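Peer 1: If you read the sequences in order, they're chains A and B.
Going by this note's numbering, the first sequence opens with residue 1126, and the numbers climb by one from there.
Going by this note's numbering, the second sequence opens with residue 281, and the numbers climb by one from there.
Sharing a structure below in structure tokens format, with a few things to ask.
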Amino acid sequence: MKKQWLAVLMGALILGGCSSANKIEEDTRDVDVVKGSGAQIESVDLADPRSGGVESYGVQNGQGLNGQSLGGQSLASSDLADQSGLLPAEQTPQSQGGTLANVMYFGFDQSTLSAENQKIVEGHAAFIKASPNRLLVLEGHADERGSREYNMALGERRAKAVEELLGVLGVNAQQISVVSYGEENPANEGHDEASWSENRRVEFKYR
Amino acid sequence: MVKRFILAVMMFAFGQAHAVLQIEITEGAENALPIAIVPFNDRGLNCSMGQVCANELITQVVNQDLQRSGRFKITPRNQLVATPSNAQAIRFSQWKNANVENLVIGQVERLGNGQYQVDVRLFDVLRQKQIEGQRWVVSQDRLRELSHKISDLIYENLLGVKGVFSTKVAYITVNKEQGQKKYVLEVADSDGFNPQPILTSLDPLLSPSWSPDGRQIAYVSFEQQKSEVYLQSVETGQREKLASFKGLNGAPAWSPDGRKLALTLSRDGNAEIYVMDIATRKLERITRHWAIDTEPTWMPDGRSLLFTSDRSGQPQIYEKKLGQRGVTRLTFTGKYNAHPSVSPDGKKVAVVHGADGNFHVALLERDTGDMYIISDTFLDESPTFSANGDMIIYATTYRNRGVLSVLSVDGKVSQRLSGPSGDVREPAWGPILE
């Protein structure tokens, strides 16, 4: 049985070796659909809103897209790439016990807040009530297991569990917003339980 | 007993596009049709060493297509009893004695101005008759396209089902460049070749969904630092924002008539299913429950939606008949069933199935309620049926990297498709275009 594949493989090697020698010239009379879409790539490239600061949203607006105010205002002062687990010192919310954690973790497919997590939320509640000009974004995340859209909803539910408790603790709802990234922005890119446990989380991001 | 053959079939580049294919046959298919594909004759093509021969390319692609489907038992090349290049040269008794029931021969001739003339004939060995014969004239850059067409022709003639080899697959790739992730929505041939980027972003992209006419793709983009649903023309690249409500905007799924999009929104509190009329943008709310309701997919008749809900405590698949009260739970096996994809005949549902900490593709038979696991890879997700229902494409993790895999529906033949680097994920198999 294995011999049959050897023949195929050898054929493949011959093909493989010649590929670059055989690049074909663009035949404009014979453009197919995919080629057509390929030609449009440039026009649909998205500018990186982070690279050029707030102004870069003009690219999308220039294409007739309605930029969400959330994106525009939010980028001015926050460092979205920061996933270190702690806010920079000058921005760090303090509680009586010292520095507040700005990330909390969950069990698989879970969104209930442990006693420890409730303590963290209480600390943030005290901080934000004393800081009426601060805005808090609760970022919900999930680990990579299971389906992506379900994880998107799961990340939101985690963040909303925090939002709800903040509400109960008397935080002004106007100061809080929620966004879920599902499994799309893992804190740890590994594929094992140790990594996954770091990815099932809610991050507190102040602006 | 499970036999396993793994082989790197070929590396081949057209333009800058590389693809590596691996065919993994986990078991010989029982009802596979015995067929012999005689290497296409080159009719004096005069291919020098190290050059792609058109006849060899077509032979390879057709072999791989039919192999991948799991529906054929292809005579190995070194066991062919003869290599006739025209009908007159065929001695049917020879093939019959070798237990070959169907025979494909072809020849390729180079015409002037870079065009190729390709003749293909398919024979029924037992009846000693030609079933199909066709001639095409194509330019060199369309030889792969033609090869898939030939595979489709053979498939439909012998199985009575349309082939999906000429269809397209959309998916997301993620590459890290200078510490930053770059997301690309790509459209490629059904075997992973000729990948064409149609959108690039530095923020997550996910959930591509083809319109039934194959002209548009709906997807989710985080370009505004939150989930939003966009529509994009595959041909022109023109795009429009369809949903950007407060909260989640995700899981778009085109209705069979192409007029509506089912999607998940959390604008009214938590993740619920809605149906949007694309022309009027009018929204109709479909589910009302405090639990997560997401990942809607249409039944082929367009009269009901399947979706994932954790209203029982864990994610399971439910059906909502449009215009009727209540929902019906469909899955009861295992603690995690999500991301339903329905076969074109409506009889099978492919899901992401979690059991004992592993996630695999499982099939639910709607008639019997039976469910069985058909993939055996790691962290499997996002299964979608091919348009003819004979194959399923899904995303999996192989050597710490996201790759796409194609499975025959009986789970016996799988082929891994992957690019040279980065993560590949979120496949969506496009429709058959007339």
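Beta carbons are placed, not taken as given, at the ideal position from N, Cα and C, and that holds for glycine.
Values in this document were obtained by computation on a predicted structure and should not be read as measured data.
Since B/Y396 contacts B/L684 with CB under 8 Å, what's their CB separation in whole angstroms?
Peer 2: Wrong, their Cβ atoms sit about 30 Å apart, outside the cutoff.
Peer 1: Using only alpha-carbon positions, find the residue among B/W534, B/W570, B/W578, B/R568 that is nearest to B/D557.
Peer 2: Out of B/W534, B/W570, B/W578, B/R568, B/W534 has the C-alpha closest to the C-alpha of B/D557.
Peer 1: Report yes or no: do three or more beta-carbon pairs, one from the region 613-622 of chain B and one from the region 1271-1289 of chain A, lie closer than 8 Å?
Peer 2: Segments in contact, yes.
Peer 1: Let me see if you follow: with CB-CB separation under 8 Å, is B/P595 close to chain A or not?
Peer 2: By this cut-off, B/P595 is an interface position.
Peer 1: Counting only Cβ-Cβ distances shorter than 8 Å, please list the residues of the region 1269-1289 of chain A near chain B, keeping chain order.
Peer 2: For the region 1269-1289 of chain A, which is checked against every Cβ of chain B, the residues closer than 8 Å are E1269, R1270, G1271, S1272, R1273, E1274, Y1275, M1277, A1278, L1279, E1281, R1282, K1285.
Peer 1: Kindly indicate which three-state DSSP category A/L1238 falls into: helix, strand or coil?
Peer 2: Coil, per DSSP.
Peer 1: By Cβ distance, which residues of its chain are closer than 8 Å to A/L1195, with the 5 residues on each side in sequence left out?
Peer 2: Only weak support exists for where A/L1195 lies, its pLDDT of 24 falling under 50; the value from the coordinates is given anyway. Within the same chain, A/L1195 has close Cβ partners S1302.
Peer 1: Starting from the N-terminal side, write out each stretch of the alpha helix (DSSP H) that is 4 residues or longer and does not extend beyond the region 367-434 of chain B.
Peer 2: Listed in chain order, they are 372-377.
Peer 1: Out of curiosity, what's the CA-to-CA distance linking B/G702 and B/N321?
Peer 2: Roughly 38 Å separates the two Cα atoms.
Peer 1: Kindly indicate which residue of A/Q1235, A/A1240, A/N1242, A/D1268 has the alpha-carbon position closest to the one of A/A1319.
Peer 2: The candidate whose alpha carbon is nearest that of A/A1319 is A/D1268.
Peer 1: Using 8 Å as the Cβ pair cut-off and three pairs as the minimum, do the region 654-665 of chain B and the region 421-434 of chain B touch?
Peer 2: With a cut-off of 8 Å, the region 421-434 of chain B and the region 654-665 of chain B do not count as touching, because too few Cβ pairs lie within range.
Peer 1: Would you verify that the beta carbon of A/D1097 is, or is not, closer than 8 Å to some beta carbon of chain B?
Peer 2: The displayed coordinates of chain A run from 1126 to 1332. Any statement about residue 1097 of chain A would go beyond what the structure contains.
Peer 1: Classify B/L713 as buried or exposed, calling it buried when 16 or more other Cβ atoms lie within 10 Å of its own Cβ.
Peer 2: Its Cβ having fewer than 16 others within 10 Å, B/L713 is exposed.
Peer 1: Is any beta-carbon of chain B found at less than 8 Å from that of A/Y1306?
Peer 2: Chain B contact via Cβ: present.
Peer 1: In terms of DSSP beta bridges, what is B/D573 paired with?
Peer 2: BP columns for B/D573 point to B/S589.
Peer 1: In whole angstroms, what separates the C-alpha of B/A708 from that of B/V464?
Peer 2: C-alpha separation (whole angstroms): 14 Å.
Peer 1: Beta-carbon of B/Y499 versus every beta-carbon of chain A: anything under 8 Å?
Peer 2: Chain A contact via Cβ: absent.
Peer 1: Which same chain residues end up closer than 6 Å to B/P477 when comparing Cβ atoms and leaving out the 5 residues on each side of it in sequence?
Peer 2: Result list for B/P477: V464, E466, in chain order.
Peer 1: Helix, strand or coil for A/S1320 per DSSP?
Peer 2: A/S1320: helix per DSSP, three-state reduction.
Peer 1: Could you give the distance in angstroms between the alpha-carbon of B/Q518 and the alpha-carbon of B/E508?
Peer 2: About 16 Å.
Peer 1: Any contact between the region 544-560 of chain B and the region 569-587 of chain B? By contact I mean 3 or more CB pairs, one from each, below 8 Å.
Peer 2: These segments touch.
Peer 1: What residues of chain D sit near A/E1309, judged by a beta carbon separation below 8 Å?
Peer 2: The displayed structure is made up of protein chains A and B, and chain D is not among them.
Peer 1: So what does DSSP say about B/I478, is it helix, strand or coil?
Peer 2: Three-state result, B/I478: strand.
Peer 1: Could you tell me which residues DSSP puts in a beta bridge with B/I452?
Peer 2: Answer by DSSP bridge pairing, in chain order: B/L465, B/R705.
Peer 1: Can you look up B/N638 in the DSSP assignment and give me helix, strand or coil?
Peer 2: It is a strand residue.
Peer 1: Rank B/G606, B/V384, B/Q420 by C-alpha distance to the C-alpha of B/K409 and give the top, closest one.
Peer 2: For B/K409, the nearest C-alpha among the options comes from B/V384.
Peer 1: Using only the alpha-carbon positions, how far apart do B/G459 and B/Y674 sit?
Peer 2: Each residue's Cα considered, the two are about 27 Å apart.
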